[in-house]
Amino acid sequence: MANEQEIKKDIQRLEKFNDPVLLMIIFLALPAVIVATMFSSFGDGTLIKIAIALCFLFFTWLAFKVSSVIKKRIDTLQSSLKKLE
Numbered sequence: 726m727a728n729e730q731e732i733k734k735d736i737q738r739l740e741k742f743n744d745p746v747l748l749m750i751i752f753l754a755l756p757a758v759i760v761a762t763m764f765s766s767f768g769d770g771t772l773i774k775i776a777i778a779l780c781f782l783f784f785t786w787l788a789f790k791v792s793s794v795i796k797k798r799i800d801t802l803q804s805s806l807k808k809l810e
């Protein structure tokens with residue numbers, strides 16, 4: 726019974742972070758700061774633009790990866806909860 730309650734608590738906690746839009750906002754806020762710093766410090770050359778694009782692509786990929794890991798974890802917890810019931 727206690728294990729079942731812990732699993733339900735973990736599922737509820739993870740479902741708060743299961744919003745892809747929220748994750749994108751969180752993960753793209755950091756590159757926005759990096760981009761602002763790069764533009765103000767180094768100018769706006771072609772290499773800087775490429776670096777900025779790669780930075781945004783990396784953090785976008787990271788947001789999707791974290792989202793998929795959270796979804797997998799929720800699915801795993803839900804399947805273990807069904808086994809207990």
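When you read off a place in the sequence shown, starting at 1, and then add 725, the result is the number in the numbering used here. All C-beta atoms, glycine included, are put in the ideal place defined by N, C-alpha and C. Bear in mind the structure is a predicted one, so any value in this text is a computation, not a measurement.
Contact between residue 773 and residue 767 holds, since their C-beta atoms are separated by about 5 Å, short of 8 Å.
Between residue 799 and residue 755, the CB-CB gap reaches or exceeds 8 Å.
With distances taken between CA atoms, residue 777 lies nearest to 758 out of 729, 808, 734, 758. In this structure, residue 792 sits near residue 748, with a CB-CB distance shorter than 8 Å.
In this structure, residue 795 places its C-beta atom within 8 Å of the C-beta atom of residue 743.
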